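The opening position of the sequence shown corresponds to residue 12 in the working numbering, with each subsequent residue numbered one higher.
Report on the following structure.
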Amino acid sequence: MISKDMKVSQLLKEYEEAGPLLAQAGLACVGCAAAEGETIEEAALEHGLDPVLLVRKLNLHLLHQIG
12 MISKDMKVSQ
22 LLKEYEEAGP
32 LLAQAGLACV
42 GCAAAEGETI
52 EEAALEHGLD
62 PVLLVRKLNL
72 HLLHQIG
């Protein structure tokens with residue numbers, strides 16, 4: 012499961028399919044140097060997004076793909 016405390020870089024390493032989802036939400040994290048040290052929560056807040064909602068969407072998408 013993805014949490015808001017997970018580093019963006021960790022998310023992208025573990026779940027490659029999260030990249031396009033982040034881009035759709037307005038986060039260009041795939042090429043961003045800040046992704047190495049930023050958490051999902053920090054990145055979301057910096058871009059004016061609700062981190063809890065973003066994490067829910069990511070988890071729902073990933074669960075849908077697994078199931």
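Just so you know, even glycine gets a beta-carbon here, dropped at the ideal spot from N, CA and C.
Remember, predicted model here, so these are calculated numbers, not experimental data.
- At a Cβ-Cβ threshold of 7 Å, lysine 15 and glutamate 47 do not count as neighbours.
- For alanine 29, the enclosing alpha helix (DSSP H) stretches over residues 29 to 35.
- Residue burial is scored here from C-beta neighbours: valine 66 has at least 16 other C-beta atoms within 10 angstroms and is therefore classed as buried.
- Between histidine 58 and alanine 36, the alpha-carbon positions lie close to 9 Å from each other.
- In this structure, the alpha-carbon of glutamate 25 lies about 22 Å from that of leucine 60.
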